[in-house]
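Taking it in order: structure first as structure tokens, then the write-up.
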Amino acid sequence: MTTAVNQAMVEKYKGNFLKEVTDNVEEGNWVKMCMQCGVCSGSCPLGPHWDHPPQELFMMIRANKREEVLSSTSMWMCTSCYNCVARCPRGLPITHIMHGLAHYGKRMGMKPKNQPTEKFGQMFWDNLIKKGRVNELKLGLGLYFKDGFAEGVKVSMGKQKLGMNMMKAKRMSPMEILGGHGVSDLSGFHAMLKKAEELEAARVGANTDAK
Amino acid sequence: MKIGGYLCTGCGIGDRLDTKSLESVAVREGRIGFCKTHDFLCSQAGVDMIKADMAAEGDDKVTKAVIMACSRRAKTESFNFGAVPTARVNLREGVIWIRPEGSEHDETTQEMAADYIRMGCAEVKAMQQADASGEQGKNNHIMVVGGGITGMTAALEASKAGYYASIIEKSDRLGGVMGQLKQRQPEHSPFQNPQDTGVAALIAAVEADDKITVYLNSTIAKTAGAPGRFEVDIASTVGAGTHAEFGAIVQATGFTPYDANNLPEFSYGKSPNVVTQLELEALARAAGDGPIKRADGKVVENVVFVQCAGQRSTKEGHLSYCSGHCCATSIKQAMYFKDSNPDIETTVLFDDIRTPGVGGENFYRSAQDKFVTFRKGKVSTVDVKGNELQVNFKDLILDEDAQMGADLVVLATGMLPNSGTDIDTMKDKDANGEVKVSVESILNLNYRQGPDMPQLVNGFTDSHFICFPYETRRTGIYSAGPVRRPMDAAQAQTDAMGAVMKAIQAIENSAIGRAAHPRSGDLSFPSFRKEGCTQCKRCTVECPFGAIDEDEKGYPKYNEARCRRCGTCMGACPVQVISFKNYSIETVGAQLKAVDVPDEFQEKPRILVLACENDAYPALDMAAMKRNESSAFIRVIPVRCLGSTNTIWIKDALGSGYDGVVMMGCKKGADYQCHFVKGSEMAHVRMAKIGDTLSTMNLEADRVAVHEVAITDIDRAPKLLDEMVEVINRVGLSPFKF
Ligand code: SF4
Ligand code: SF4
Ligand code: SF4
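Pasting the structure below:
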């Protein structure tokens, strides 16, 4: 499903995806500086498991492979280990670009389907913005049950010990199931988020479905 | 008039060897005047003692010296006695450091030391004091061939150093290829934007300099002579010719652009919108400050640069090498477009971006910052589609075939050196016996070896690219700029400075009869005994530097200032009539004969090692510093160059009972390391025939070994000696022991 803003972007940049990335993706202005040495791809612990390691993604951007890049699962796989950033001879903030690309793809409505990192990210966000505090119990259960009830029960049983220990250490409370703790000024927090969203939308110059 | 012997007992020599007995070997067997010992010979006191003897009057005056201490590569400053013939006996690196301690070894170690002393005494007796030839005087004038930026920079540098220069330029203007460019790659930080070429300023400076004379529309009709006394006929296409004399020559003849008509696959010639980099410069210059237009007047909106067009390729008719400047040139040209209008699409299709030199990488980054797109791709073809072009390439990162539209394609084609006639291929003669010359000569040297400088690879006149880049094989003639090797403008200008410095050295050295690189300062020079000469011309052919011409009667005619003193001619001469005063068939022959060869019942073989003094000998020294043990039966004689090895030495050695001979010279071939370029190669060729000698003597072929040894072969060099020891163990002692 692509979005209206996606259509707008396609029209605006007319096949100059590098420019689009430069203007809209977090740290995307660095992509043009990549010299294709391949050090990042060679350094990435996940490199062999990706469809497209960073160097290749950057080349695809120059080759105008917009659809393929934005719907790729690759950047969702990044573990933020920063190996690539530490080694890139050109000093590209590759990790940030990865997250920027993932985020941008999602905003354009092109996120990959059934990508666990993406799913969890959304779950985390939804959980967080409710009260301004993460509700560990709900988040944990949400994660365990994300692949259906039966699977959820199985995973939960397996993680029983972890849950008990967290409770003992007061890192999680069973009472959280009833609603849980939150920030003191919840409406202020929500106003803040709204403002941030507005600013971000203004920056991109269009409304997006980013949440 | 005496030969003085000085035996050092320091550095453990006195502890390891019986020095009393060595003293008597020197005096009784070496037959020198006296032998003094000192426990620290290289100290001021030790050196003063020797100098005092040399300063003495009458019969006590020491006129030749034998220093029995460390290697000739050590303490060279202390034991430098000017012109006084001095032999160095290597007891430290050559004996005690390679021999294990212990009473079971003492006898052979002592014999080794005694032999080296006998050898040193014999050598010094055969040596004479070297004097300058006095053949040429000083000429402060440098001829610079070519008036491009290399030539102009060379002339200006010469003038700044107080010398005179004459620029000989074939065309009717100064500036060369650089004069045809709109701008050049930046020379100064932050290396972000193209800058003015600076050609106009260079021309103005040349014209304003009263030490520089410019000959436009001129070529060289004839060059004769040698450093310090070059005689040149300058021909002019517009007026009368001139005759001039020069001390040295810098050849800065630049390059010819590769002919892009050899690249039909890129539609060059088929479409006017496929151009070379040089042709793009013309379009850019025509555009002035406005947008760059194609031949048909259309403003360029989408330009693709094809890197390595017909270069770094193994295809027939392509260049195998990288021309070194074209990546930066495309970067610069892409900026011509981007700086005038950032919306113009500029794509560089490259295999590797190579931006050598200071600031090259910054310049590359600056282009990326300006949104020049760099795609790693190999272009296969360029198709003409009406008014447009389609570039077909393989994306090397995405590993897939791809296309791109373009309205202008720029080919990064390479450079071909203007080095004149290839004297190695001009040996082909036509039906009338005339030498076929396909390319016009530039220098028109009247040297016997041919009219231009020898080329190294791909037609470039380079010399050793690390160790002695400007030294060509024609002493006093130095090449600079893209004729030497592919390079960009900044490198060409640095090159010009380097070559001029070399030219100045040649002028100064030849003025006082001293050798140029690599035996800089050497006053010895080769001479030949006319009575013995059979006019075989081996010396003239083998001299790597073209130093020897022929006189009217066919005898060799030496040009000392062209000579590098390698001794290759001496090694080549089949009747051994060539010699230097301080280095000759005698000085080495006497050494190998001075060695005491024990009879076969003693089972002590003798292995002669002739080692190049520049690389192999220091490698052995360094192995000794690491205390690498070697056989007590080797006797090493350093030679100026393995090229100076005359087969008579090998025959003499084998005939007098040596069991094996090991020769060590430098790496030969195109990536040679020989200080005399071809010396080692000549020796290898010569020694390939030694097998005949061995078989007539009924000796096993592996008793003689020739090796290429680098100065870094510290572990390998002694192993090669061990190998010969094994050979002797296997084949047995020589039957020629008396
Ligand atoms: S930070 Fe991400 S892209 Fe970079 S090496 Fe680590 S996992 Fe790979
Ligand atoms: S390490 Fe940096 S310059 Fe090299 S390919 Fe990766 S992003 Fe590009
Ligand atoms: S071979 Fe060597 S020593 Fe002989 S003339 Fe040539 S440069 Fe001089």
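Order-wise, the sequence lines are chains A and B.
At position 20 of the first sequence (counting the first as 1) the number is 20 in full-length UniProt numbering, and the numbers step up by one without a gap.
At position 282 of the second sequence (counting the first as 1) the number is 282 in full-length UniProt numbering, and the numbers step up by one without a gap.
C-beta atoms are modelled at their ideal positions from N, C-alpha and C, and glycine is treated no differently.
Start and end of the alpha helix (DSSP H) containing residue i?
{"i": "P718 of chain B", "result": "716-731"}
{"i": "I507 of chain B", "result": "489-511"}
{"i": "T150 of chain B", "result": "149-160"}
{"i": "P556 of chain B", "result": "Unbroken run through P556 of chain B is the beta strand (DSSP E), 556-558; no alpha helix (DSSP H)."}
{"i": "Q122 of chain A", "result": "116-131"}
{"i": "T197 of chain B", "result": "Neither: T197 of chain B is in no alpha helix (DSSP H) and is coded neither H nor E."}
{"i": "T95 of chain A", "result": "94-107"}
{"i": "L278 of chain B", "result": "277-287"}
If you compare alpha carbons, which of the options is closest to residue i?
{"i": "S133 of chain B", "options": "B:P342, B:G521, B:F465, B:A616", "result": "B:G521"}
{"i": "P518 of chain B", "options": "B:F468, B:D551, B:G532, B:D702", "result": "B:F468"}
{"i": "T256 of chain B", "options": "B:M49, B:G148, B:S734, B:P638", "result": "B:G148"}
{"i": "C326 of chain B", "options": "B:V89, B:M664, B:A688, B:P486", "result": "B:P486"}
{"i": "T223 of chain B", "options": "B:K270, B:N444, B:E550", "result": "B:N444"}
{"i": "I292 of chain B", "options": "B:N273, B:C308, B:N80", "result": "B:N273"}
{"i": "D659 of chain B", "options": "B:E93, B:D702, B:E613", "result": "B:D702"}
{"i": "M497 of chain B", "options": "B:Y478, B:M415, B:G679", "result": "B:Y478"}
{"i": "V639 of chain B", "options": "B:F676, B:D401, B:F633, B:N302", "result": "B:F676"}
{"i": "Y6 of chain B", "options": "B:G12, B:A26, B:R16, B:D18", "result": "B:A26"}
{"i": "K378 of chain B", "options": "B:D722, B:D401, B:D369", "result": "B:D401"}
{"i": "T76 of chain B", "options": "B:K593, B:C42, B:V95, B:I98", "result": "B:C42"}
{"i": "K440 of chain B", "options": "B:L456, B:R448, B:I423", "result": "The sequence shown places Glu at residue 440 of chain B, rather than the Lys named in the question. Considering only alpha carbons, the answer is B:I423."}
{"i": "D462 of chain B", "options": "B:P417, B:I442, B:M54, B:F393", "result": "B:P417"}
{"i": "K678 of chain B", "options": "B:D395, B:G46, B:I578, B:S644", "result": "B:S644"}
{"i": "T81 of chain B", "options": "B:H105, B:K20, B:D53, B:I397", "result": "Here the sequence assigns Phe to residue 81 of chain B, which means Thr is not the residue at that position. When each option's Cα is compared against that of F81 of chain B, the closest is B:D53."}
{"i": "A122 of chain B", "options": "B:G162, B:S584, B:A406", "result": "B:S584"}
{"i": "I728 of chain B", "options": "B:I634, B:L592, B:D15", "result": "B:I634"}
{"i": "K138 of chain A", "options": "A:A4, A:M123, A:C88", "result": "A:M123"}
{"i": "G102 of chain B", "options": "B:F350, B:T150, B:L17, B:N559", "result": "B:L17"}
{"i": "K689 of chain B", "options": "B:P264, B:N646, B:C641, B:C308", "result": "B:N646"}
{"i": "G513 of chain B", "options": "B:E560, B:C533, B:Q535, B:N302", "result": "B:E560"}
Contact check, residue i vs residue j under 8 Å by CB: the rounded distance?
{"i": "L193 of chain A", "j": "I129 of chain A", "result": "6 Å"}
{"i": "A208 of chain B", "j": "N582 of chain B", "result": "Not a contact, Cβ separation roughly 48 Å."}
{"i": "A590 of chain B", "j": "K125 of chain B", "result": "7 Å"}
{"i": "T587 of chain B", "j": "M127 of chain B", "result": "6 Å"}
{"i": "W50 of chain A", "j": "S74 of chain A", "result": "4 Å"}
{"i": "R606 of chain B", "j": "G657 of chain B", "result": "7 Å"}
{"i": "K32 of chain A", "j": "Q455 of chain B", "result": "Not really, about 43 Å apart at Cβ, beyond 8 Å."}
If I follow the unbroken beta strand (DSSP E) through residue i, where does it start and stop?
{"i": "G669 of chain B", "result": "From DSSP, G669 of chain B is part of no beta strand (DSSP E); its letter is neither H nor E."}
{"i": "N80 of chain B", "result": "N80 of chain B -> no beta strand (DSSP E), and no H or E assigned at all."}
{"i": "P417 of chain B", "result": "415-417"}
{"i": "R171 of chain A", "result": "Note, R171 of chain A: premise wrong, no beta strand (DSSP E); not H, not E."}
Do residue j and residue i come within 7 Å of each other at the CB atom, strictly closer than that value?
{"i": "G317 of chain B", "j": "N261 of chain B", "result": "no"}
{"i": "N458 of chain B", "j": "Y321 of chain B", "result": "yes"}
{"i": "L389 of chain B", "j": "T276 of chain B", "result": "no"}
{"i": "M143 of chain B", "j": "I249 of chain B", "result": "yes"}
{"i": "T86 of chain B", "j": "A113 of chain B", "result": "no"}
{"i": "P451 of chain B", "j": "G254 of chain B", "result": "no"}
{"i": "K111 of chain A", "j": "G105 of chain A", "result": "yes"}
{"i": "C8 of chain B", "j": "H38 of chain B", "result": "yes"}
{"i": "F545 of chain B", "j": "R564 of chain B", "result": "yes"}
{"i": "P194 of chain B", "j": "Q183 of chain B", "result": "yes"}
{"i": "R629 of chain B", "j": "P100 of chain B", "result": "In the sequence on display, residue 629 of chain B carries Glu and not Arg. Their beta carbons are under 7 Å apart, which means E629 of chain B touches P100 of chain B by this criterion."}
{"i": "V709 of chain B", "j": "M663 of chain B", "result": "no"}
{"i": "G310 of chain B", "j": "Y258 of chain B", "result": "yes"}
{"i": "G12 of chain B", "j": "I117 of chain B", "result": "no"}
{"i": "L620 of chain B", "j": "A683 of chain B", "result": "no"}
{"i": "P618 of chain B", "j": "R73 of chain B", "result": "yes"}
{"i": "Q136 of chain B", "j": "R285 of chain B", "result": "no"}
{"i": "Y144 of chain A", "j": "V134 of chain A", "result": "no"}
{"i": "V39 of chain A", "j": "R90 of chain A", "result": "no"}
{"i": "F266 of chain B", "j": "V382 of chain B", "result": "yes"}
For residue i, verify whether its CB is less than 6 Å away from any heavy atom of ligand 5.
{"i": "M98 of chain A", "result": "With respect to ligand 5, the structure offers nothing, as its ligand set consists of ligand 1, ligand 2 and ligand 3."}
(request) May I have all residues whose beta carbon comes closer than 7 Å to any heavy atom of ligand 2, sorted in chain order? (result) A:C34, A:M35, A:Q36, A:C37, A:G38, A:V39, A:C40, A:S41, A:P54, A:Q55, A:F58, A:C84, A:R87, A:C88, A:P89, A:R90, A:L92, A:I94
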